[in-house]
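In full-length UniProt numbering, the protein residues as written are 1 to 382.
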């Protein structure tokens with residue numbers, strides 16, 4: 001779950017990172033009031049879950065009330081790479097001497113936390129990694145020990161950080177690691193981490209992603225989910241406990257298990273089709289879950305055909321068949337379905353579908369056959 005900048009900063013402050021004072025607002029009037037309260041100059045910052053805000057005109061410096069009004073008016077409602085701005089962060093402007101980069105994330109190959117630090121901040125870190133990789137320090141951390149102050153100092157010294165700010169930058173790395181661990185984050189990033197003229201280190205920006213699977217341990221963080229402008233199908237799926245990601249195509253996909261669904265997307269693309277979604281019904285899906293998942297898929301008006309690709313292990317194919325039969329009774333879909341059932345109780349599942357004689361349902365024996373069939377049906381239905 002990605003957080004907006006100001007939400008990430010609030011988590012940073014909770015763990016001792018220094019941030020600039022600011023206010024989150026949703027109207028021009030509140031933006032101006034916040035700016036007046038903070039004192040000028042202030043920065044008016046669009047709050048969207050996408051990078052490149054500054055280049056898109058979503059970050060502006062206001063020296064007075066007139067400029068604060070102008071910038072808030074222009075930024076609210078602004079479309080930044082498909083993300084509409086509904087919230088602004090009005091922040092006291094900071095004096096900047098130098099910009100650094102710092103982040104903590106999970107290194108899946110090493111199965112350890114990874115600290116990344118660079119004196120080249122304020123730009124896309126991918127650009128630094130590609131053009132000047134020697135300037136990006138990477139250090140795995142023993143999760144049983146954590147990031148100690150001594151190790152943090154070793155990292156910032158390896159980057160050739162000026163001696164007079166080593167301590168402050170190291171303290172930020174330790175606090176950032178604390179955010180990553182204690183908030184169950186998958187990413188905690190500061191870009192830029194600034195050094196002020198009086199040589200203090202401060203987090204000027206925040207990018208935080210939280211592990212959704214761990215939100216039960218952080219009910220206060222679960223409330224931070226940003227839902228404005230969220231895809232309707234994804235919101236409906238989450239409410240039903242279904243893993244769903246909207247895509248741009250016209251073929252609805254349902255499978256059980258993330259790996260199987262990903263493979264199904266690839267095979268459909270190989271057959272010349274374009275998936276409309278990723279939907280993992282999960283292991284042990286019963287008839288009710290299958291019915292709800294079908295409803296989510298069909299709520300997308302772009303869907304021209306649907307593919308069920310089930311490999312039964314914990315999931316029973318007869319339960320999937322019952323769910324599809326129930327869905328047809330409730331939803332009365334008009335688009336064609338292709339169903340491949342293999343594994344636990346697959347024979348019983350196929351018998352149930354044959355007996356139900358559902359309209360526009362075509363069985364398939366293999367994944368490739370199912371993909372080729374659903375692509376052909378989608379084209380016929382276009």
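From the three backbone atoms N, C-alpha and C, an ideal C-beta is built for every residue, glycine too.
Cα-Cα separation between residue i and residue j, rounded to whole angstroms
i           : j           : result
residue 165 : residue 118 : 14 Å
residue 33  : residue 46  : 17 Å
residue 286 : residue 313 : 13 Å
residue 115 : residue 300 : 41 Å
residue 71  : residue 367 : 53 Å
residue 99  : residue 256 : 46 Å
residue 370 : residue 364 : 5 Å
residue 192 : residue 205 : 6 Å
residue 241 : residue 339 : 23 Å
residue 96  : residue 199 : 10 Å
residue 127 : residue 52  : 14 Å
residue 143 : residue 210 : 18 Å
residue 74  : residue 207 : 24 Å
residue 326 : residue 342 : 20 Å
residue 152 : residue 173 : 6 Å
residue 251 : residue 290 : 17 Å
residue 268 : residue 350 : 22 Å
residue 259 : residue 29  : 49 Å
Beta-bridge pairing of residue i - partner residues as DSSP gives them
i           : result
residue 363 : 339
residue 134 : DSSP, once it has assigned bridges, lists no residue as partnering residue 134.
residue 98  : 195
residue 89  : 24 and 45
residue 60  : 44
residue 254 : 308
residue 112 : 107
residue 189 : 103 and 207
residue 83  : 80
residue 344 : Looking at the DSSP assignment, residue 344 forms no beta bridge with any residue, so it has no partner.
residue 118 : 101 and 136
residue 275 : 251
residue 357 : In DSSP, residue 357 forms no bridge with anything.
residue 280 : 243 and 255
residue 19  : 203
Cβ-Cβ distance between residue i and residue j below 8 Å
i           : j           : result
residue 296 : residue 310 : no
residue 188 : residue 180 : yes
residue 194 : residue 103 : no
residue 183 : residue 324 : no
residue 360 : residue 318 : no
residue 352 : residue 328 : no
residue 25  : residue 84  : no
residue 375 : residue 273 : yes
residue 18  : residue 203 : yes
residue 58  : residue 78  : yes
Coil, strand or helix - residue i by DSSP
i           : result
residue 350 : helix
residue 238 : helix
residue 139 : strand
residue 377 : helix
residue 219 : helix
residue 9   : helix
residue 296 : helix
residue 35  : helix
residue 263 : helix
residue 291 : helix
residue 245 : strand
residue 2   : strand
residue 202 : strand
residue 325 : helix
residue 314 : coil
Heavy atom of the ligand MG within 7 Å of residue i beta-carbon
i           : result
residue 374 : No copy of the ligand MG occurs in the structure displayed, which carries no ligand at all.
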